[in-house]
Ligand code: FE
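Numbering (my numbering), first residue to last: 228 to 476.
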């Protein structure tokens with residue numbers, strides 16, 4: 228478990244190494260404010276058992292008030308039913324996915340606790356703090372939301388800023404780290420037009436840390452700025468379409 232913030236009854240924590248085997252590395256983030264918790268992108272079944280035990284040492288299951296799913300991918304929602312069954316938490320996800328996620332097997336009694344986030348985002352109280360749901364559509368999913376924690380000034384960026392490969396939890400050498408992000412963003416992000424719209428939006432926020440769902444954290448305003456500049460200038464997705472469309476030999 229790693230800490231991103233811990234002050235005045237408010238904590239931002241994450242688990243970096245609960246995934247094993249063939250499953251892609253993923254971070255599970257937790258916001259705790261005065262005994263109330265929000266769990267972000269909790270992941271699949273193998274992570275569920277370990278994460279549940281880890282969380283129990285932080286807050287009782289009754290303290291887990293909110294689940295957040297940045298989008299509909301299995302590394303985020305596969306164990307949604309387990310979390311909804313053992314807690315009374317409300318799950319928040321883009322309204323585009325509330326009728327698709329039940330295909331992962333959400334029990335009828337729990338399905339009403341999955342709340343659709345409007346395309347324009349929104350805000351929510353967590354303990355005495357507040358988070359904002361930011362629109363981040365097409366980064367990479369068509370219904371994609373990020374979370375900005377107004378207390379710690381951490382932006383949870385989901386798949387944006389993801390790196391696959393390195394095992395460290397915090398970015399220290401940005402240039403070296405960018406080599407692990409480039410291929411992922413070029414293929415998983417559909418268009419730089421969405422990234423530019425995102426960059427314009429988040430430059431209006433006071434951000435101390437960018438915390439993606441895969442790979443390492445960008446801590447401090449300088450690192451945050453470097454990431455935004457880097458990703459904004461990257462060509463990706465449909466801009467590289469012609470290279471991709473070739474008949475195989
Ligand atoms: Fe995804």
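Note that the Cβ used here is the ideal one computed from N, Cα and C, for glycine as well.
This one's a predicted model, so the numbers in the text were calculated from it and none came from an experiment.
Excluding its 5 nearest sequence neighbours in each direction, residue 458 has C-beta neighbours in its own chain below 6 Å: 422, listed in chain order. Within the DSSP bridge table, the entry for residue 263 names 260 as partners. Between residue 370 and residue 323 the beta-carbon gap is near 3 Å, inside 8 Å, which marks them as a contact. Relative to the ligand FE, the beta carbon of residue 268 is positioned no closer than 7 Å to any heavy atom. By the rule of a C-beta closer than 5 Å to any heavy atom of the ligand FE, the residues picked out are 300 and 386. The C-beta distance from residue 299 to residue 328 rounds to 6 Å, short enough to fall under 8 Å.
Per DSSP, the beta-bridge partners of residue 234 are 237. Less than 8 Å divides the Cβ of residue 461 from the Cβ of residue 412. When Cβ pairs closer than 8 Å are counted between the two stretches, the segment 348-366 is seen not to touch the segment 240-252, the count staying below three. Every alpha helix (DSSP H) stretch that sits fully inside the segment 398-432 and reaches 4 residues is listed by chain position as 401-415 and 419-429. Looking only at 271, 409, 442 and 258, the smallest Cα-Cα distance to residue 285 is reached by 258. The beta-carbon distance between residue 287 and residue 278, rounded to whole angstroms, is 15 Å. This is too long to meet the 8 Å contact definition.
Buried is the label assigned to residue 275, since at least 16 other Cβ atoms lie within 10 Å of its Cβ. For residue 300, no beta strand (DSSP E) segment is defined, and its DSSP state is neither H nor E. Residue 303 counts as buried, since at least 16 other C-beta atoms from the protein chains shown sit within 10 angstroms of its C-beta.
Within the same chain, 279 and 288 come within 8 Å of residue 313 by CB-CB distance, once the 5 residues on both sides are set aside.
Nearest Cα to residue 450 within the set 309, 317 and 404: 404.
Residue 376 and residue 348 do not touch by the CB rule: their CB atoms are close to 14 Å apart, not below 8 Å.
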